[in-house]
Structure formats: structure tokens, C-alpha cells
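In this note's numbering, the protein residues as written are 12 to 203.
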Ligand code: ZN
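In C-alpha cells, the structure reads:
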């Protein structure tokens, strides 16, 4: 077991697109185990390979509750094959210590990936689940996209980064997500 150093916001590897994994070597398996240990050590629910300086398409997630057994899932070469609905919540990232901001997400996703033995699997993450959120967050890391790019309130994000002495937001990376925002706006109207 080894705890890996987590790359912090501002370092270039977080903005790079990661490569597909062509062979699940011993090295990849050890990296996955170390990523799981590093995620637990830092009380995270997910960790992507670029966050430990490896620009390859792999991430780990464990959304089990404190009173449940550990349930780490390794995703290799993942693809989100279905996404629906809209959600928003405060989210954080191990590469952004202590910064939490309100971000847009789809509420449901279906993802296809390979496990550590190279076997394909499909996971459907329930509407509004933490798993759905975590899959989108970690999958984004493989394309150099960060959670702050999904910010709903740019001023809140600027402040959260500043308060935690993190580099400034790159506004050119902000995502315009009208399809999600429209559903959220309708939901808000209905709630009134
Ligand atoms: Zn992250």
C-alpha cells in the first residue's frame, strides 16, 4: 500500500486529456490499489488517475456510507453512454482542498467501463445519487475538465478559490449547460 501525492489545481496534468489504457498491466493494477488507498486516506469518494499525475483513463469511486463495508469500484476506459435529468449541489475535489462550490450535473448516468481483469461492466447510477455525481466528476478529470467548470455561481467559485489560496478560475473553461439549467429553472418554478 502506498499513499500517492495528489496533484493540486494549477498543475498542468489536471487540464490534459488522458490516454486510453491498452493493457491492464501489473503496474496499472498497483496504481489502482494505491489510488484506492489514497482516496480513503483523504476521505474522498473518488479519485482519477490525472490527480496522481498519471494521464491515463482510469478512476476509482467508493460512495459507501461510514456504517457500510468498503465498496471501491475501479473504472478503466469509462464511457458515459446515457445521461438524463438535472441536479446541482455543492461539490469538492481532492485537488482543491477545502473549496466547495455549487455545480451543475446530470441527475442520472449510465456508464460502461472495464474492471481490473479487463472485463466490461455497466453501472446505472440512480437519479440524483452521489454515485451519478461522482461518475461525472471523475470522468471529467480524464478529459481535463474540472468541477469548477460546471459552476452555477461564478462569484461563489472565485471566492472559494481565493479563500483557499488556490489559483484563479480560468473563465474560458466555464461550461455553458443550457439543457441542465433549463430543467433546474423549471424545477425551481414548480417548487415555489
Ligand atoms: Zn476531482
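Quick reminder that beta carbons are idealized off the backbone N, C-alpha and C, glycines included.
Terminal residues of the continuous alpha helix (DSSP H) containing residue 68?
Working through the chain shown from its first residue, we reach residue 68 at position 57. Counting along the chain, residue 68 falls outside any alpha helix (DSSP H), and DSSP gives it neither H nor E.
Comparing C-alpha positions only, which one of 154, 142, 111 and 25 sits nearest to residue 168?
Locating residue 168 in the chain shown gives position 157, where the first residue counts as 1. Closest in alpha carbon position to residue 168, among 154, 142, 111 and 25, is 111.
Residue 19 versus 62, 152 and 91, residue with shortest Cα-Cα distance:
One-based indexing of the chain shown puts residue 19 at position 8. Nearest option by C-alpha distance: 62.
Going by DSSP, which residues form a beta bridge with residue 163?
Position 152 of the chain shown, counted from the first residue, corresponds to residue 163. When DSSP reads this structure, residue 163 sits in no beta bridge, so it has no partner.
Residue 201 versus residue 143: straight-line alpha-carbon distance, rounded
Counting from 1 along the chain shown, the entry for residue 201 is found at position 190. Counting from 1 along the chain shown, the entry for residue 143 is found at position 132. The straight-line gap from Cα to Cα measures roughly 23 Å.
Spell out a yes or no on whether the segment 88-97 and the segment 117-130 are touching, meaning 3 or more CB-CB pairs, one atom from each, closer than 8 Å.
Enough Cβ pairs lie closer than 8 Å, so yes.
Note down the Cα distance separating residue 32 from residue 134, rounded to an integer number of angstroms.
On the chain shown, residue 32 is found 21 positions in, with the first residue counted as 1. On the chain shown, residue 134 is found 123 positions in, with the first residue counted as 1. Rounded to the nearest angstrom, the gap between the Cα atoms of residue 32 and residue 134 is 19 Å.
In whole angstroms, what is the alpha-carbon distance linking residue 119 and residue 37?
Counted from its first residue, the chain shown places residue 119 at position 108. Counted from its first residue, the chain shown places residue 37 at position 26. Those two C-alpha atoms are separated by around 33 Å.
Is the beta carbon of residue 160 closer than 7 Å to that of residue 184?
Walking along the chain shown from the start, residue 184 turns up at place 173. Walking along the chain shown from the start, residue 160 turns up at place 149. Between residue 184 and residue 160, the C-beta spacing is below 7 Å.
CA nearest to the CA of residue 35, picked from 129, 189 and 197
Residue 35 sits at position 24 when you count from the first residue of the chain shown. Looking at the Cα atoms, 129 is the closest of the given residues.
Can you give the Cα-Cα distance for residue 189 and residue 108, rounded to whole angstroms?
Translated into the one-based positions of the chain shown, residue 189 becomes position 178. Translated into the one-based positions of the chain shown, residue 108 becomes position 97. Each residue's Cα considered, the two are about 29 Å apart.
Can you tell me which of the three DSSP states residue 178 falls into?
As a working mapping, residue 178 is identified with position 167 in the chain shown. Under the three-state reduction of DSSP, residue 178 is assigned to coil, being neither helix nor strand.
Euclidean distance between Cα positions of residue 72 and residue 138
In the chain shown, residue 72 corresponds to position 61, counting from 1. In the chain shown, residue 138 corresponds to position 127, counting from 1. Taken atom to atom, the span from the alpha-carbon of residue 72 to that of residue 138 is near 17 Å.
Span of the beta strand (DSSP E), counted from its first residue to its last, around residue 123
Here residue 123 refers to the residue found at position 112 of the chain shown. Unbroken beta strand (DSSP E) run through residue 123: 119-125.
With distance defined between alpha-carbon atoms, name the residue in 78, 141, 55 and 69 nearest to residue 105.
Here residue 105 is taken as the residue at index 94 of the chain shown, counted from 1. Comparing Cα-Cα distances from residue 105 to each of 78, 141, 55 and 69, the minimum goes to 55.
Would you report the Cα separation of residue 83 and residue 50, rounded to the nearest angstrom?
For the purposes of this step, residue 83 is identified with residue 72 of the chain shown, where counting begins at 1. For the purposes of this step, residue 50 is identified with residue 39 of the chain shown, where counting begins at 1. Their backbone Cα atoms lie some 10 Å apart in a straight line.
Taking only the alpha-carbon atoms, compute the straight-line gap between residue 149 and residue 197 and give it to the nearest angstrom.
Locating residue 149 in the chain shown gives position 138, counting from the first residue. Locating residue 197 in the chain shown gives position 186, counting from the first residue. Each residue's Cα considered, the two are about 28 Å apart.
Check residue 154 in the structure and name its three-state DSSP category.
Walking along the chain shown from the start, residue 154 turns up at place 143. Here residue 154 sits in coil by DSSP.
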